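Each protein sequence line maps, in turn, to chains Z and H.
Under numbering that gives the first Met the number 0, think of the first position of the first sequence as 0, with each following residue one higher.
Under numbering that gives the first Met the number 0, think of the first position of the second sequence as 0, with each following residue one higher.
Every residue, glycine too, gets a C-beta built ideally from N, C-alpha and C.
Values in this document were obtained by computation on a predicted structure and should not be read as measured data.
First the structure, in the form of structure tokens, and then the observations on it.
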Amino acid sequence: MANKSDDILEEYSSKEYEYGFVTNIEMEIAPKGLSEETIHYISAKKQEPQWLLDWRLKGYHSFLKAEDPHWQNFDLPKVDFQGISYYAAPKSSAKFKSIDEVDPELIATFEKLGIPLSEQKILAGVAVDAVFDSVSVATTFKATLKEHGIIFSSISEAVKEHPELVQKYLGSVVPHSDNIYASLNSAVFSDGSFVYIPKGVRCPMELSTYFRINTENTGQFERTLIIADEGSYVSYLEGCTAPKRDENQLHAAVVELIAMENAEIKYSTVQNWYPGDKEGNGGIYNFVTKRGVCRGANAKISWTQVETGSAITWKYPSVILQGDNSSGEFYSVAVTKGKQIADTGTKMHHIGKNTKSRIISKGISAGEGQNSYRGLVQVGTRADNARNFTQCDSLLIGDRCGAHTFPYIESKNSTATIEHEATTSKIGEDQIFYLNQRGIDTEKAVALIVNGYAKEVLNQLPMEFAVEAQKLLSISLEGSVG
Amino acid sequence: MLLNIKNLQAKVEDKQILKGVNLQVNAGEVHAIMGPNGSGKSSLASVLAGRENFEVTGGKVLFDDKDLLEFSPEDRAREGLFLAFQYPVEIPGVSNINFLRTALNEIRAYHNQPTLESKEFLRLTRENQKLVEFDAKLTNRSLNEGFSGGEKKRNEIFQLAMLNPKLSILDETDSGLDIDALRIVANGVNKLRSDKNAFIVITHYQRLLDYIVPDFVHVLYDGRIVKSGTRELALELEEKGYDWIKEPVTSASI
Ligand SMILES: Nc1ncnc2c1ncn2[C@@H]1O[C@H](COP(=O)(O)OP(=O)(O)OP(=O)(O)O)[C@@H](O)[C@H]1O
Ligand SMILES: [Mg+2]
Numbered sequence: 000m001a002n003k004s005d006d007i008l009e010e011y012s013s014k015e016y017e018y019g020f021v022t023n024i025e026m027e028i029a030p031k032g033l034s035e036e037t038i039h040y041i042s043a044k045k046q047e048p049q050w051l052l053d054w055r056l057k058g059y060h061s062f063l064k065a066e067d068p069h070w071q072n073f074d075l076p077k078v079d080f081q082g083i084s085y086y087a088a089p090k091s092s093a094k095f096k097s098i099d100e101v102d103p104e105l106i107a108t109f110e111k112l113g114i115p116l117s118e119q120k121i122l123a124g125v126a127v128d129a130v131f132d133s134v135s136v137a138t139t140f141k142a143t144l145k146e147h148g149i150i151f152s153s154i155s156e157a158v159k160e161h162p163e164l165v166q167k168y169l170g171s172v173v174p175h176s177d178n179i180y181a182s183l184n185s186a187v188f189s190d191g192s193f194v195y196i197p198k199g200v201r202c203p204m205e206l207s208t209y210f211r212i213n214t215e216n217t218g219q220f221e222r223t224l225i226i227a228d229e230g231s232y233v234s235y236l237e238g239c240t241a242p243k244r245d246e247n248q249l250h251a252a253v254v255e256l257i258a259m260e261n262a263e264i265k266y267s268t269v270q271n272w273y274p275g276d277k278e279g280n281g282g283i284y285n286f287v288t289k290r291g292v293c294r295g296a297n298a299k300i301s302w303t304q305v306e307t308g309s310a311i312t313w314k315y316p317s318v319i320l321q322g323d324n325s326s327g328e329f330y331s332v333a334v335t336k337g338k339q340i341a342d343t344g345t346k347m348h349h350i351g352k353n354t355k356s357r358i359i360s361k362g363i364s365a366g367e368g369q370n371s372y373r374g375l376v377q378v379g380t381r382a383d384n385a386r387n388f389t390q391c392d393s394l395l396i397g398d399r400c401g402a403h404t405f406p407y408i409e410s411k412n413s414t415a416t417i418e419h420e421a422t423t424s425k426i427g428e429d430q431i432f433y434l435n436q437r438g439i440d441t442e443k444a445v446a447l448i449v450n451g452y453a454k455e456v457l458n459q460l461p462m463e464f465a466v467e468a469q470k471l472l473s474i475s476l477e478g479s480v481g
Numbered sequence: 000m001l002l003n004i005k006n007l008q009a010k011v012e013d014k015q016i017l018k019g020v021n022l023q024v025n026a027g028e029v030h031a032i033m034g035p036n037g038s039g040k041s042s043l044a045s046v047l048a049g050r051e052n053f054e055v056t057g058g059k060v061l062f063d064d065k066d067l068l069e070f071s072p073e074d075r076a077r078e079g080l081f082l083a084f085q086y087p088v089e090i091p092g093v094s095n096i097n098f099l100r101t102a103l104n105e106i107r108a109y110h111n112q113p114t115l116e117s118k119e120f121l122r123l124t125r126e127n128q129k130l131v132e133f134d135a136k137l138t139n140r141s142l143n144e145g146f147s148g149g150e151k152k153r154n155e156i157f158q159l160a161m162l163n164p165k166l167s168i169l170d171e172t173d174s175g176l177d178i179d180a181l182r183i184v185a186n187g188v189n190k191l192r193s194d195k196n197a198f199i200v201i202t203h204y205q206r207l208l209d210y211i212v213p214d215f216v217h218v219l220y221d222g223r224i225v226k227s228g229t230r231e232l233a234l235e236l237e238e239k240g241y242d243w244i245k246e247p248v249t250s251a252s253i
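This is how it looks when you write it as structure tokens:
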């Protein structure tokens, strides 16, 4: 009876993390600690131009002035910024001309994670950029993309090869002074992906970056910058994992998206950082700033995220709807189990006329997990006929977890239409029994129910990844139900 | 013997519901269980299917000579016990077809049979849809979500046909069905009847038994089977109600 769902939870939260292994590879690691010196060190390692060093230093000074955020719904652990090393790179990584030059140990690591880097083996129609600790180790399908004039490279490489683009757009959506973690990222970001889609080009394949934290006591501070020029289209996916460690590791990324007139960017995330153990030891602090701007008319930005990992996830992928008739979407599934915390949602800033936004958030809590949706819909004076629809659902498994929603609305235009719907449900014992009675065990039953619940969001993912995400949801909830 | 229930007793939340049920069912037979509201009919079905909020406090159940009560609910299903629920639940977002494929393959895996190929699965689906005249559109919809009462009941029988169990317990499958649907569902059940399987049909109405003709009729009252007979018993009940059965029991139990 009551104990049934408890058992369910018990098992659910005891499921082992599959990607917790460590790769043994010779690394070059910066000494722990953060100072101007650290920033000079990173910039020098990457042979960066002066403007970028200057910009990093500005970020560092913003960071020094910034305060810890205070509005969250949980006790924010104190992060020891001096206890972290801000740069770690495989020693042999100077620059790879082809995949054959990459350390076989690294290739093996990514294969183990299900990310084959050799182009013959790779998922059909997906180009991958693989980031290991602080550096990008491989980008596939470059030549094919080049034919279309598409730039897809690590951001370090883009700084060297397309400095004018990087300088123009870096920090244009998320300024270095945005928030403490964005400032930190601006100061020390190590690598990440850069994408430029030229005017009128529809990117012929999915672009994907795979992030892996490997080294102890390091943080990962990647920076992603995607520019879709007028009338272009791109679909981009990021995935991530990290080894099991007893101490917490910080992941403070920044993602900036820029969609020009009639352009569309679809950005998907499957986040599976190490969540910590059952007692809440270790795990990644996933403090990420993601923001996109619809610069021109009819531009469209869509965020889809499946968040299953991390000890604490804290992010609000947002869209600034500047161009008239532009639209923003946010589709999210966030799972918290064990002692995981997720505080996630979105911000939609309606500035242009007839701008539209759609928010579908599905929280799933098990164990002692705490799941909060926090969202802001803001309508400016000029945004005539702005429309927002928000659907915010919570699913609870067991009775020790929690779900919370914080929808904020600020409208300065009376012609705006804002709709908000919210539901909270529990996986019913009768639902599980029904499936049991048809020969389906409880674990599979929960997986079915959860995937059904999350379907609307999973359907937004590119085909190649929807299946993976489904499996991930099932696996991450395995053992929660007994 | 397919099912042998011996002196089965069970309680739920400290309330004794089943007070010693005895019932034997052979392959090839159809048994009807009737009885007033709250007498324990659905409870008996739940206990047999392994619902956890019922605590078995005594007795024994042999299913195909195996101790049924030792099995988990899913293993009981895999052993060939099927319960068509009185109140089928809705599971949003899980497509009927995906659910059925999972169920079928789980049962097959239990018997060391390989996963059914898509083509074969679809053939089976079509065949059984036809059997219970189940709307193909419903097959692709979310499991029971927004189904009408009758559609839910028909879906139970569609699932029954797909999973081909040894013993099916139909808990008031007739309630909520219109007259045509009743005939269709009953015809479906009749086509599925064989000398290898058996049915326990729980119902309040003689009408269903005109279509699914039972070999035996039992009356469950206050947690016990107090009267058993042939199909004539159902007709008698329809005419006289339950009072004449209740009285002797009460006096006998003093
Ligand atoms: N979970 C439960 N908690 C408490 N009492 C229960 C529970 N389930 C069943 N009961 C009680 O057990 C008794 C038998 O119920 P049951 O559903 O088996 O009756 P039934 O014969 O199927 O009746 P009906 O003809 O109305 O379907 C009723 O008094 C009912 O209230
Ligand atoms: Mg009943």
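For Z/Tyr-232, no Cβ of chain H is located within less than 9 Å of the residue's own Cβ. Look at the stretch 145 to 169 of chain Z and you find these whole runs of alpha helix (DSSP H), each 4 residues long or longer: 154 to 160 and 162 to 168.
Around ligand 2, the residues selected by a Cβ distance under 7 Å to any of its heavy atoms are H/Lys-40, H/Ser-41, H/Gln-85, H/Asp-170, H/Glu-171 and H/Ile-201, following chain order. Boundaries for Z/Met-204: no beta strand (DSSP E) harbours it, and the DSSP string shows neither H nor E there. Z/Gly-327 and Z/Ile-300 do touch by the CB rule: their CB atoms are close to 5 Å apart, below 8 Å. Here Z/Leu-224 is buried: its Cβ has 16 or more other Cβ atoms, across all protein chains shown, within 10 Å.
In its chain, beyond the 5 residues on either side, Phe-157, Ala-160 and Met-161 have a beta carbon closer than 7 Å to the beta carbon of H/Asn-127. Taking 9 Å as the upper bound on Cβ-Cβ separation, chain H lies near no residue of the stretch 391 to 412 of chain Z.
Taking 8 Å as the cut-off, one finds at least one heavy atom of ligand 1 near enough to the beta carbon of H/Asn-52. Per DSSP, the continuous beta strand (DSSP E) segment holding Z/Leu-395 begins and ends at 386 to 395. Contiguous beta strand (DSSP E) elements confined to the stretch 54 to 122 of chain H occur at 80 to 83 and 90 to 94, taking only those with 3 or more residues. The C-alpha of Z/Thr-416 is placed about 14 Å away from the C-alpha of Z/His-348.
Shown here, Z/Phe-62 sits in a helix according to DSSP, grouped into three states. Under the 9 Å criterion on CB atoms, H/Ser-71 is classed as interfacial with respect to chain Z.
Listed as beta-bridge partners of Z/Glu-328 by DSSP are Z/Ser-301 and Z/Arg-357. Inclusion of H/Val-11 in the 8 Å shell around ligand 1 follows from its C-beta lying nearer than that to a non-hydrogen atom of the ligand. Below the 9 Å Cβ cutoff, chain H contributes no neighbours of Z/Lys-198, its closest Cβ being approximately 40 Å away.
According to the DSSP secondary-structure assignment, H/Phe-215 is paired through a beta bridge with H/His-30.
DSSP places Z/Gln-459 in the coil class of the three-state scheme, outside both helix and strand. The beta carbon of H/Ser-71 is closer than 7 Å to those of Gly-49 in its chain, skipping five residues each way along the sequence.
In this structure Z/Arg-201 is exposed. Its beta-carbon is surrounded by fewer than 16 other beta-carbon atoms within 10 angstroms. Under the DSSP definition of a beta bridge, Z/Cys-293 partners with Z/Ala-258 and Z/Leu-320.
Identification of chain Z residues near H/Ser-141 by a Cβ-Cβ cut-off of 8 Å yields Gly-451, ordered along the chain.
For Z/Asn-370, the enclosing beta strand (DSSP E) has its first and last residue at 369 to 378. In summary, Z/Asp-190 is buried, with 16 or more beta-carbon neighbours lying within 10 Å of its beta-carbon over all protein chains present. Between the C-alpha atoms of Z/Ser-325 and Z/Ala-87 there is a straight-line separation of about 40 Å. Residue contact check for Z/Tyr-330 against chain H: no CB pair falls below 9 Å. Annotation for Z/Lys-314: the continuous beta strand (DSSP E) segment containing it runs 311 to 314. Nearest neighbour of Z/Glu-306 by Cα position, chosen from Z/Lys-336, Z/Ile-408 and Z/Pro-174, turns out to be Z/Lys-336. Look at Z/Ile-439: its C-beta is under 9 Å from a C-beta on chain H. Boundaries of the alpha helix (DSSP H) harbouring H/Ser-42: 40 to 48, taken from the DSSP string. Separation of Z/His-69 and Z/Lys-77 (C-alpha to C-alpha, rounded to the nearest whole angstrom) is 12 Å.
A Cβ of chain H is located within less than 9 Å of the beta carbon of Z/Gly-427. Distance check between H/His-30 and each of H/Asp-214, H/Asp-221, H/Val-225 and H/Gly-228 places H/Asp-214 closest, using alpha-carbon atoms only. In the structure shown, Z/Thr-441 falls within a helical segment according to DSSP collapsed to helix, strand and coil. A contact between stretches requires three or more CB pairs, one per stretch, nearer than 8 Å, and the stretch 349 to 357 of chain Z meets this requirement with the stretch 370 to 388 of chain Z.
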